[in-house]
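First residue of the sequence shown: 404, per my numbering; consecutive thereafter.
Ideal placement from N, C-alpha and C gives every residue a C-beta, glycine not left out.
Presented below is the structure to which this report refers.
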Amino acid sequence: MKRLQQLIQATSIGFISGITAITPAQSAEEVYFNFGVFERGIPTDSLATFAADGTVDSELAPYITRFPEERQQELRELLGTPLSEIAAQLPGQGELIRNPYGISQLLYSPIGESVLTSLGEIIKTQGRQNGKLAIRAAIILAAADSEGLSLINIIRFFPTGVMRIDLAEVLALSKAIDANIEATERFLEIAANSSQGAATADPALDYTALPVLAETPQFNVVKRTLLLEDRNRDRTYPADLYMPENLDAVQGPIPVIVFSHGYADSRTNLEFVLAARSVAAHGFVVAMPEHIGSNNAYQADLIKGLNDDSFAAMEFVDRPLDIRFLLDTLEQMNSTQFQGRLQLDRVGVIGHSFGGYTALVTAGARVDLEHLREPAICDPAADTEPDNLNLSLLLACRVLELEASPDTINQLTDGSLADDRVGLVMAFDPVSSLFGDEGTGQIQIPTFMLGSSLDVAAPIVLEQLTTFERLQTPQKYFYVGDNLSHTTALTKLIWNVVNPNSTVEADFDSADAWLSSIAFSLVIAHGKVHLLEDESYRPYLTSAYVEAVTKPPFKLHLLRSLPDEL
404 MKRLQQLIQA
414 TSIGFISGIT
424 AITPAQSAEE
434 VYFNFGVFER
444 GIPTDSLATF
454 AADGTVDSEL
464 APYITRFPEE
474 RQQELRELLG
484 TPLSEIAAQL
494 PGQGELIRNP
504 YGISQLLYSP
514 IGESVLTSLG
524 EIIKTQGRQN
534 GKLAIRAAII
544 LAAADSEGLS
554 LINIIRFFPT
564 GVMRIDLAEV
574 LALSKAIDAN
584 IEATERFLEI
594 AANSSQGAAT
604 ADPALDYTAL
614 PVLAETPQFN
624 VVKRTLLLED
634 RNRDRTYPAD
644 LYMPENLDAV
654 QGPIPVIVFS
664 HGYADSRTNL
674 EFVLAARSVA
684 AHGFVVAMPE
694 HIGSNNAYQA
704 DLIKGLNDDS
714 FAAMEFVDRP
724 LDIRFLLDTL
734 EQMNSTQFQG
744 RLQLDRVGVI
754 GHSFGGYTAL
764 VTAGARVDLE
774 HLREPAICDP
784 AADTEPDNLN
794 LSLLLACRVL
804 ELEASPDTIN
814 QLTDGSLADD
824 RVGLVMAFDP
834 VSSLFGDEGT
844 GQIQIPTFML
854 GSSLDVAAPI
864 VLEQLTTFER
874 LQTPQKYFYV
884 GDNLSHTTAL
894 TKLIWNVVNP
904 NSTVEADFDS
914 ADAWLSSIAF
924 SLVIAHGKVH
934 LLEDESYRPY
944 LTSAYVEAVT
954 KPPFKLHLLR
964 SLPDEL
């Protein structure tokens, strides 16, 4: 992110400097860089030649020569690299970039419209209008071209003849990125110091000698799939149960934990399945519902033209109701199939991303509509500020689509989606700022959150830190993940961008596997302590534990409250 910010800023400054020194040249197809009343056009052919072989002609030279050689190479790569090569590093995305129809579907979806409107404030038409429609046309045509989708190809296919780049908007974006980077780096420094300080006050134990719970299973695990039919909502969806093979071997009540997957994901995600099996191997029943209105199959149907959206806005309500109906079903099954041993009066709910939102709602969080109604938050054409440079708002702001239904809005704002059977909530990289102060303060049960320092989808300072600050429950835990992103694939991609010459890539898989084992162990330990009141697992819930067992570059720190510096 820092290198991207530097490139944006350097590009802006270079072109602004050149604007005042050179008179405009005429060209049929040009990219104009505007800064107030000043403007300068560069022929698209000059940029295309530079992207192709590095040639800097007389039209481009006054700007490019202002950059260090390293920045010139970065700009050339930025212009000419097919986006499919970048997207290929994310599961399933490389194929999408090569599918013009699928891209068209995404760009016409509500989230696509919001992204294009925001981008159109930077990239404008020849007539200085928001470039939303022209950008969409250019992206679709470039994707259909034999040379594929790249920035230079998007410029070629921009339909108004002149593409205008508003450098004032570019600089505002650059400053907002810089502000968020600085805030994140400062927060990480404070969090690390606070966690390390707290570790010295924790009980004196050899924490490295504690068993890694995820690697020391107690029971063999079996899977069972249910097909749930909620007739009140006309909604049928599957859920997988992972449980000890021999329930009779489990002593005492059997705790239940529900996993809620994220937007455009699925209960069959391999990482979730591994987590579920690890937890179930310690005497839990883990239930994993499929949220059919916001999973990867729903998004795939959009790309195929079977839907007109990447998720249904009613998912803000349906997701927590999926969990409620699942728990109702388990209550019905408990006496006949589990000998009444399932502990359903105090269950845990885990969620990632949109699933984190889901988990927090079941725990009592309420949507703050007044916050979302602020123009600076949900208006895609709003001025760029650090607080709205948050991709998760593309999802969160779609709550406002439900305002036409007062009953639905009441469910989101009056706490009726909470489930009093939930006794522990664990939210990984949650979309959560939409709850506001009052909505977050309704949670009164133990709450475990994890935020990732390189999360570009749900930024840690704007989302998880804000939510943690607002929590009123005394039993709250904030795990801060250094050099982690929203998903494993994004962590690997961003780490390679930020550290292009690093040797970490070779060790990434083993480091990620180790960190996953620690994360699964923390879930098990929190479940044992907060659901079963087994205090023997309390040492795992300390700063001393995560400071002792996690290692750079993927280090965890634990906050139980906000340090005074924040």
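Cutoff 7 Å; reference residue i; Cβ partners in own chain excluding five residues on either side
| i | result |
| --- | --- |
| D771 | L837, F838, G839, E841 and G842 |
| T458 | T452 |
| T894 | L857, L887 and S888 |
| G767 | G818, A821, Q845, I846 and Q847 |
| A527 | According to the sequence provided, residue 527 is Lys. The question's Ala does not apply to it. Contacts found: N533, G534, R567 and D569. |
| L935 | P658 |
| S855 | D832, I863, G884, L887, S888 and H889 |
With 16 other Cβ atoms within 10 Å as the buried cut-off, status of residue i
| i | result |
| --- | --- |
| D643 | buried |
| E433 | buried |
| A604 | exposed |
| V440 | exposed |
| R941 | exposed |
| G564 | exposed |
| R776 | exposed |
| K707 | exposed |
| E572 | buried |
| T639 | exposed |
| L709 | exposed |
| R589 | exposed |
| N793 | buried |
| A700 | exposed |
| S697 | buried |
| T619 | exposed |
| D711 | exposed |
| G743 | exposed |
| P849 | buried |
Neighbourhood of residue i by C-beta distance below 6 Å, restricted to the same chain and skipping five residues each side
| i | result |
| --- | --- |
| L499 | G505 |
| K954 | none |
| A375 | Residue 375 lies beyond the range of the chain shown here (404 to 969); nothing can be said about it. |
| P783 | S517, T520 and S521 |
| A582 | P789 |
| A541 | I557, F560 and F561 |
| L509 | G515 |
| T529 | Residue identity check: residue 529 is Gln in the sequence provided, not Thr. Answer for Q529: T563, G564 and V565, listed in chain order. |
| V900 | none |
Those residues which DSSP pairs with residue i across a bridge
| i | result |
| --- | --- |
| D569 | N437 |
| E804 | According to DSSP, which records beta bridges pairwise, E804 is partnered with nothing at all. |
| S663 | G754 |
| L853 | F831 and Y882 |
| R638 | D633 |
| G359 | This structure gives no information on residue 359, because the portion of the chain shown stretches from 404 to 969. |
| N533 | K527 |
| M691 | D643 |
| N596 | BP columns for N596 are empty, so no partner. |
| T628 | D643 |
Between the CA atoms of residue j and residue i - distance to the nearest angstrom
| i | j | result |
| --- | --- | --- |
| A951 | A575 | 41 Å |
| T671 | K626 | 12 Å |
| L450 | Y466 | 11 Å |
| I635 | H694 | The sequence given here has Asn at residue 635, not Ile. Whole-angstrom Cα-Cα distance: 16 Å. |
| Q532 | L803 | 26 Å |
| P446 | R722 | 50 Å |
| R501 | A928 | 44 Å |
| C800 | T811 | 15 Å |
| D637 | A892 | 35 Å |
| A690 | Q621 | 19 Å |
| A601 | V883 | 14 Å |
| A667 | L705 | 11 Å |
| P562 | L536 | 9 Å |
| L631 | F719 | 19 Å |
| I538 | G515 | 11 Å |
| D633 | P833 | 26 Å |
| H960 | F438 | 44 Å |
| A683 | P647 | 6 Å |
| S512 | Q599 | 46 Å |
| Q746 | F687 | 10 Å |
Beta-carbon contacts of residue i that lie in its chain and below 8 Å, excluding the five residues immediately before and after
| i | result |
| --- | --- |
| L608 | P942 and A947 |
| G844 | R873, L874 and Q875 |
| P956 | D885, N886, W898, V907 and A914 |
CB contact below 8 Å: residue i versus chain C
| i | result |
| --- | --- |
| A716 | Chain labels in this structure do not include chain C; a single protein chain is all it has. |
_Cβ contact (3+ pairs, closer than 8 Å) linking the region 723-741 and the region 804-812_ = In this structure the region 723-741 does not lie against the region 804-812, because fewer than three pairs of beta carbons, one per stretch, are closer than 8 Å.
*asked:* Check whether the region 538-549 and the region 743-752 touch, using three or more Cβ-Cβ pairs below 8 Å as the test.
replied: No, the region 538-549 does not touch the region 743-752.
*For the region 758-765 and the region 825-837, state whether three or more C-beta atom pairs, one from each stretch, are separated by less than 8 Å.*
In short, these stretches touch, since the Cβ pair count reaches three.
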